[in-house]
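In full-length UniProt numbering, the protein residues as written are 1 to 264.
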């Protein structure tokens, strides 16, 4: 049976379209997450970036893989229903933690989050994957935008570096980054309240506009994998890189680095 936060219709929508809105998933944990984001921004990790581009205004901070050193993030991962909800959406017996990600657009930040799929950046493949993107401030124009069904495209989208715009890998096996608005794709987006969450498959093409509002747009993301996820070799360093992991192609992600959080 679905978790009380979701309905069977939402599970079916996730399986079909690869993206669904979950109202209030982190609603009881917003203040804790805000405190964690503040700690993260004052004590950035080795992967932190301000996505500096000379032609852009404002500040677009992002950082990932910090749950083990930011106690507020670990608390929410363990205390919220996200693991069970994730397993239910993936139709997986288990949910395994991949990593966390913080994305903050200060007021007047012109830079958009480029259209991209998460999967091609990662060293994991599988049908059972889910990312949760949750704003910690009310969002309208700066909300997440997702192309429904893009997780079923025949070719993955070329992963690029957000600030520089150059390709991560040889472009040959990938399709160019499309323009979903110009191509009239099925873009799903929602006005959201703090603690709501968009759940989407790693293969979903997504992005976000800049933040022209007078208030900050803080967002917390959590990435999980399910039963069928396996380590895969990429043609170069992945993002996140997780150096020294020691896994081989076809391995399940090592549980001492990527703990199984459902069943808890």
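Ideal Cβ placement from N, Cα and C applies to all residues, glycine included.
Taking only three categories from DSSP, how would you classify residue 41? helix
The alpha helix (DSSP H) that contains residue 14, what's its start and end? It spans 8 to 17 - the alpha helix (DSSP H) in which residue 14 sits, taken as one unbroken run.
Return helix, strand or coil for residue 212, following the three-state DSSP convention. coil
Skipping 5 residues on each side, what residues in its chain have a beta carbon closer than 6 Å to that of residue 211? 105, 109, 142, 217
Could you tell me how far apart the beta carbons of residue 159 and residue 121 are, in whole angstroms, since I believe they sit closer than 8 Å? 5 Å
Under three-state DSSP, which class holds residue 121? If DSSP states are grouped into helix, strand and coil, residue 121 belongs with the helices.
Nonlocal neighbours in the same chain, by C-beta distance under 8 Å from residue 80, ignoring five residues either side: 25, 26, 28, 29
Span of the beta strand (DSSP E) around residue 219: It spans 217 to 225 - the beta strand (DSSP E) in which residue 219 sits, taken as one unbroken run.
Do you know how far the Cα of residue 48 is from the Cα of residue 238? 15 Å
Which of helix, strand or coil does DSSP assign to residue 177? Reduced to three states, the DSSP call for residue 177 is coil.
Under 9 Å between the Cβ atoms of residue 151 and residue 202? yes
Residue from 41, 173, 18 whose Cα sits closest to the Cα of residue 269: One cannot answer for residue 269 here, as it falls past the ends of the chain, which runs 1 to 264.
For residue 7, which option in 116, 170, 88, 171 has the closest C-alpha, if you only look at C-alpha atoms? 88
Closest residue to residue 276 among 31, 256, 200, 230 (Cα-Cα distance): A query on residue 276 cannot be resolved here, the shown segment of the chain reaching from 1 to 264 and no further.
Could you please give the first and the last residue of the uninterrupted beta strand (DSSP E) stretch that includes residue 103? Counting along the chain, the beta strand (DSSP E) containing residue 103 begins and ends at 95 to 105.
Neighbourhood of residue 168 by C-beta, 6 Å cutoff - its chain only, sequence neighbours within 5 removed: 159
State the start and end residues of the unbroken alpha helix (DSSP H) segment that holds residue 84. 82 to 90
Are residue 192 and residue 21 closer than 9 Å when you measure CB to CB? yes
Report the rounded CA-to-CA distance for residue 129 versus residue 83, giving the unit in angstroms. 12 Å
How many Å lie between residue 55 and residue 165 at the Cα? 13 Å
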